[in-house]
Amino acid sequence: MTKTLFAAAAASLLAVGAASAQTEPAPAPAHDHHAVDHQAAHPTIDSTIEALVADPATKAVLDKHLPGIDRHPAYAQFKGMTLRQVAPFSQGNITDAKIAAIDTDLKAIPAA
304 MTKTLFAAAA ASLLAVGAAS AQTEPAPAPA HDHHAVDHQA AHPTIDSTIE
354 ALVADPATKA VLDKHLPGID RHPAYAQFKG MTLRQVAPFS QGNITDAKIA
404 AIDTDLKAIP AA
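Here the sequence shown stands for residues 304 to 415, numbered as in the working numbering.
1) Are the CB atoms of Leu369 and Ile348 within a distance shorter than 8 Å?
2) When the Cα atoms are used, what is the spatial distance from Ala363 to Ala344?
3) With distance defined between alpha-carbon atoms, name the residue in Pro391, Lys401, Pro376 nearest to Leu365.
4) If we count the other Cβ atoms within 10 Å of its Cβ and call it buried at 16 or more, is Pro346 buried or exposed?
5) For Leu386, I'd like the list of residues in its chain whose CB is within less than 7 Å of its CB, leaving aside the five on either flank, ordered along the chain.
6) Let me know if Thr361 comes out buried or exposed under the rule of 16 or more other beta-carbons within 10 Å of its beta-carbon.
7) By the three-class DSSP mapping on this structure, what secondary structure does Ala411 have?
8) Return helix, strand or coil for His375, following the three-state DSSP convention.
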């Protein structure tokens, strides 16, 4: 009886070991990150303000809606944030309507 229990326990341990070997995570699928030409894409409304200012086409949109944003005294503090992130601290200068208008203009920029 003891031999039978031991054999059953050993068999179950081997089965668990085999099962866990079969359930090892598969390697992550390869993603083709180069499918989109990122050099041709302009920053979007979800990009940082710094990225929007760095691209001449998107900077023109910012200058239209938020003239001088890159010369603001606190620019160094908020340049790493998105417009949506800065809006609550903008004393009403960056509204949802303004963000929507900027987004519309950004989407209208043709790919380079």
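Quick reminder that beta carbons are idealized off the backbone N, C-alpha and C, glycines included.
Short version:
1) no
2) 16 Å
3) Lys401
4) buried
5) Ile348, Ile352, Ile397, Ile402, Ile405
6) buried
7) coil
8) coil
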